[in-house]
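Written out below as C-alpha cells is the structure these notes cover.
Protein chains: 2
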Amino acid sequence: MQRYRLRLEYDGCGFCGWQRQAEGASVQGTLEAALASFTPEAPSVTGAGRTDAGVHASGQVAHLDLERFWLPERLLAALNAHLRPRRVAVRDVGLAPTGFHARFSALRRSYVFRIMNRRAPPALERGLVWHVPAPLDAERMHVAAQALIGRHDFTSFRSSECQALSAVKTLDLLHVRRRGELIEVRATARSFLHHQVRNIVGTLKLVGEMKMAIDFPLAAMAARDRAAAGPTAPPHGLVLERVDYPDGWPRL
Amino acid sequence: MQRYRLRLEYDGCGFCGWQRQAEGASVQGTLEAALASFTPEAPSVTGAGRTDAGVHASGQVAHLDLERFWLPERLLAALNAHLRPRRVAVRDVGLAPTGFHARFSALRRSYVFRIMNRRAPPALERGLVWHVPAPLDAERMHVAAQALIGRHDFTSFRSSECQALSAVKTLDLLHVRRRGELIEVRATARSFLHHQVRNIVGTLKLVGEMKMAIDFPLAAMAARDRAAAGPTAPPHGLVLERVDYPDGWPRL
Numbered sequence: 001m002q003r004y005r006l007r008l009e010y011d012g013c014g015f016c017g018w019q020r021q022a023e024g025a026s027v028q029g030t031l032e033a034a035l036a037s038f039t040p041e042a043p044s045v046t047g048a049g050r051t052d053a054g055v056h057a058s059g060q061v062a063h064l065d066l067e068r069f070w071l072p073e074r075l076l077a078a079l080n081a082h083l084r085p086r087r088v089a090v091r092d093v094g095l096a097p098t099g100f101h102a103r104f105s106a107l108r109r110s111y112v113f114r115i116m117n118r119r120a121p122p123a124l125e126r127g128l129v130w131h132v133p134a135p136l137d138a139e140r141m142h143v144a145a146q147a148l149i150g151r152h153d154f155t156s157f158r159s160s161e162c163q164a165l166s167a168v169k170t171l172d173l174l175h176v177r178r179r180g181e182l183i184e185v186r187a188t189a190r191s192f193l194h195h196q197v198r199n200i201v202g203t204l205k206l207v208g209e210m211k212m213a214i215d216f217p218l219a220a221m222a223a224r225d226r227a228a229a230g231p232t233a234p235p236h237g238l239v240l241e242r243v244d245y246p247d248g249w250p251r252l
Numbered sequence: 001m002q003r004y005r006l007r008l009e010y011d012g013c014g015f016c017g018w019q020r021q022a023e024g025a026s027v028q029g030t031l032e033a034a035l036a037s038f039t040p041e042a043p044s045v046t047g048a049g050r051t052d053a054g055v056h057a058s059g060q061v062a063h064l065d066l067e068r069f070w071l072p073e074r075l076l077a078a079l080n081a082h083l084r085p086r087r088v089a090v091r092d093v094g095l096a097p098t099g100f101h102a103r104f105s106a107l108r109r110s111y112v113f114r115i116m117n118r119r120a121p122p123a124l125e126r127g128l129v130w131h132v133p134a135p136l137d138a139e140r141m142h143v144a145a146q147a148l149i150g151r152h153d154f155t156s157f158r159s160s161e162c163q164a165l166s167a168v169k170t171l172d173l174l175h176v177r178r179r180g181e182l183i184e185v186r187a188t189a190r191s192f193l194h195h196q197v198r199n200i201v202g203t204l205k206l207v208g209e210m211k212m213a214i215d216f217p218l219a220a221m222a223a224r225d226r227a228a229a230g231p232t233a234p235p236h237g238l239v240l241e242r243v244d245y246p247d248g249w250p251r252l
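Just so you know, the sequences run in chain order A and B. Sequential numbering of the first sequence, starting at 1, is according to the numbering used here. Sequential numbering of the second sequence, starting at 1, is according to the numbering used here.
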C-alpha cells in the first residue's frame, strides 16, 4: 500500500465544503468520484482542513492510499482529467513519507482573507473577495490584530458548532495589508477553531471602519464570549493557501 | 447637456463583447439597459475600445450624455445598483471635459494578457487566464517581444475582420514577466488592430515553448502575412486594464 499526498486548488462556490455530506457536492466527494472513475480501488481522501461551504483553497493538502503503484505525475494527470469540468484542480502529487497524515502531521495552516474595499462591486473577482464599500483603515486593523498573536483562549472567535475540545490556540501570524483596493488578512497557526479566521476578520472590519476602538479585538477575546466579538465574515473571501509539514513539503 | 465619463470593470465571459449586437448580451447594451431603468433619457454609451467576446476589462472607459444633471457619485451608485447581478461594475464616474470622446480622445490603451503556466488547470482563476501546461520561458518571450516595439506594419498580427484603414501602428510597450505560475504580457499603444494583442501572445508562446527561434516574431512581422505569425490566443486571458487621456484622467 502506498500513500500519496496531493496539493489542491478549488473554488468553494458551488461546494457544500470539503467534507462529504448526504446532500450537495463536496470537494472530498468530488475527488473520490474522480478516483473511482479510473481505479477500482475507490480510496477515501483525507484533507488537512475541513473548509466550509464557499471557502476556497489554493493549497489544501490531502492524502489517499492505493495498492497499485502510480507514478505521481500519472496520478496527477488522471485526477485532473477526471475532475473536469469541476472547479477542483490537483496542483501536486507526491509519495507521502511513512506515517504521513494530511491532517495530523500538519505543522501550520495559512489562510488569506481578501476584502475588496471600494464602492464598485467586484465584477472580475466576484465570489473571490468580500465586498466592503465603506473605506477601511488597513493599518489600524493591522495594529489591532497584533493583540491576538500568541497562545490564547479564542472562545469569542469560535463558532457555536465548533467541535474542538479546547478553545486555546496559538496564532503565529495575523497580518493586514492594503494593496490598492484590496485588503489581505493573512493568518497562520498550527490549527484553527471553526470560523476563527472569519470571526477575526469580521471583528477587525469594525476597527477598520472606526466603529470600534483599536483595543476592541483584545477586549472581545478577553470576554470569552462569542457575542463580544464582531460578526462572521462571509466564506467566499477566505482561501486556504498553504499547509506545511515537518519534512518541508510542499516546497514552493 | 452634460457628458459623463465612466471607468468600467467587467467579466467578458457571457458577453458577446463590448458592442451592441442583434443577439446576445453586450456590455454596451447592458449599460444602456441599466441607464434606461432609472432615467427616461436612455442615452447611448460610447466605449474607448470594442473588446471582443470573452475579453475582460478592469479599466475600460466610456462616455454618455444626459440633459438632467447628476452628481457623479449618484450616477455611479444608480448604475451599479441597476447593473446587479450582471458582471459589470462602474468603478468611477466623472464629468467629462469639453470635447471629450471616450474613443477619439484616448492617448493610450493598456492590456494585460495572463497565462497560467502549470500542469494543473486553473480552478480559482478559471475564465481569467489562458492555461498553458507546458513550461514557457518568459524571459525568452520578453526578449523576442522587444523586436515589435515601435512603429511597424502589423499586418501579420491583424485579424482578417479588422476594419482599420492602415495596419501601421506604434507599439509603446510589450513586457513579458513571470510571477510564479503566472506569466503576464503587458501591451500599451495609442490603439491596436483587431486581435493584435492575442495574435502577438499566440506568437510569443511559440517562442516560449522553444518551438520557434527568438527572432520569429520579427520575421513574422516582416512577412506582412497573417499566416506567418502564431495562432490567436483565447480571449479569456485578455484584460483591458487602462485607457489614458490628455488631462491625466484617470488618476489611479
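Note that the Cβ used here is the ideal one computed from N, Cα and C, for glycine as well.
Within chain A, the residues that residue i reaches when beta carbons sit closer than 9 Å
i                       : result
asparagine 80 (chain B) : Arg119, Ala120 and Pro121
serine 58 (chain B)     : Ala123 and Leu124
CB contact check: residue i to chain A, cutoff 8 Å
i                       : result
alanine 219 (chain B)   : no
arginine 91 (chain B)   : yes
arginine 4 (chain B)    : Before going on, a small fix: residue 4 (chain B) reads as tyrosine here, not arginine. With 8 Å as the cut-off, tyrosine 4 (chain B) does not count as an interface residue toward chain A.
glutamate 241 (chain B) : no
Closest by C-alpha distance to residue i, when choosing among the options
i                        : options                                   : result
leucine 35 (chain A)     : A:Val88, A:Pro250 and A:Phe154            : A:Val88
glutamine 146 (chain A)  : A:Gln60, A:Glu32, A:Val61 and A:Ala219    : A:Ala219
proline 250 (chain A)    : A:Arg86, A:His56, A:Leu124 and A:Ser110   : A:Ser110
glycine 59 (chain B)     : B:Pro246, B:Leu238 and B:Gly208           : B:Leu238
isoleucine 183 (chain A) : A:His131, A:Asp215 and A:Gly150           : A:His131
arginine 108 (chain A)   : A:Asp244, A:Gly248 and A:Leu252           : A:Asp244
threonine 188 (chain B)  : B:Arg224, B:Phe216, B:Ala229 and B:Glu241 : B:Glu241
asparagine 117 (chain A) : A:Asp137, A:Arg103, A:Arg151 and A:Leu76  : A:Asp137
threonine 39 (chain B)   : B:Phe113, B:Gly49, B:Gln19 and B:Leu64    : B:Leu64
leucine 71 (chain A)     : A:Val55, A:Asp92, A:Ser26 and A:Gly47     : A:Asp92
histidine 195 (chain A)  : A:Gly12, A:Thr51, A:Gly24 and A:Leu6      : A:Thr51
histidine 152 (chain B)  : B:Thr170, B:Pro135, B:Ala164 and B:Ala223 : B:Thr170
leucine 252 (chain A)    : B:Cys13, B:Gly180 and B:Leu204            : B:Gly180
methionine 221 (chain A) : A:Gly208, A:Met210, A:Ala233 and A:Leu204 : A:Leu204
arginine 190 (chain B)   : B:Ser160, B:Pro133 and B:Phe104           : B:Phe104
histidine 82 (chain B)   : B:Gly94, B:Ile115, B:Arg126 and B:Gly29   : B:Gly29
Chain-ordered neighbours of residue i on chain A, where CB pairs are closer than 7 Å
i                     : result
arginine 87 (chain B) : Ala123 and Arg126
Cβ separation of residue i and residue j, assumed to be a contact under 8 Å, to the nearest whole Å
i                          : j                        : result
leucine 193 (chain B)      : arginine 226 (chain B)   : Not confirmed; about 11 Å, so no contact.
leucine 8 (chain B)        : alanine 62 (chain B)     : 6 Å
valine 45 (chain A)        : leucine 31 (chain A)     : 5 Å
glycine 202 (chain B)      : proline 231 (chain B)    : 5 Å
valine 197 (chain B)       : methionine 141 (chain B) : Wrong, their Cβ atoms sit about 14 Å apart, outside the cutoff.
proline 135 (chain B)      : valine 129 (chain B)     : At roughly 16 Å, the Cβ-Cβ gap does not stay under 8 Å, so proline 135 (chain B) and valine 129 (chain B) are not in contact.
glutamate 41 (chain B)     : arginine 68 (chain B)    : 7 Å
alanine 57 (chain A)       : tyrosine 10 (chain A)    : 5 Å
alanine 102 (chain B)      : alanine 48 (chain B)     : 5 Å
valine 185 (chain B)       : valine 112 (chain B)     : 7 Å
phenylalanine 15 (chain A) : alanine 25 (chain A)     : 6 Å
leucine 124 (chain B)      : isoleucine 200 (chain B) : No, leucine 124 (chain B) and isoleucine 200 (chain B) are not in contact; Cβ-Cβ is about 27 Å, not under 8 Å.
Contact with chain B by residue i, beta-carbon distance below 8 Å
i                      : result
tyrosine 245 (chain A) : no
leucine 76 (chain A)   : yes
glutamate 32 (chain A) : no
tyrosine 111 (chain A) : no
DSSP beta-bridge partners of residue i
i                        : result
aspartate 92 (chain A)   : A:Arg7
valine 239 (chain A)     : A:His56 and A:Val112
leucine 174 (chain B)    : B:Ala187
leucine 182 (chain A)    : A:Met116 and A:Arg179
valine 201 (chain A)     : Answer by DSSP bridge pairing: none, since valine 201 (chain A) is not bridged.
glycine 169 (chain A)    : The residue asked about is misnamed: residue 169 (chain A) is lysine in this sequence, not glycine. Answer is A:His152.
leucine 64 (chain B)     : B:Tyr4
tryptophan 130 (chain B) : B:Ile115
aspartate 244 (chain A)  : A:Arg108
threonine 98 (chain B)   : DSSP lists no partner for threonine 98 (chain B).
glycine 17 (chain A)     : A:Asp52
threonine 39 (chain B)   : Answer is none; threonine 39 (chain B) lacks a bridge partner.
Proximity test, residue i beta-carbon vs the ligand MN heavy atom, cut-off 7 Å
i                    : result
serine 110 (chain A) : Questions concerning the ligand MN fall outside what the structure shown contains, since it holds no ligand whatsoever.
Within chain A, the residues that residue i reaches when beta carbons sit closer than 8 Å
i                      : result
aspartate 11 (chain B) : Ala123, Leu124 and Arg126
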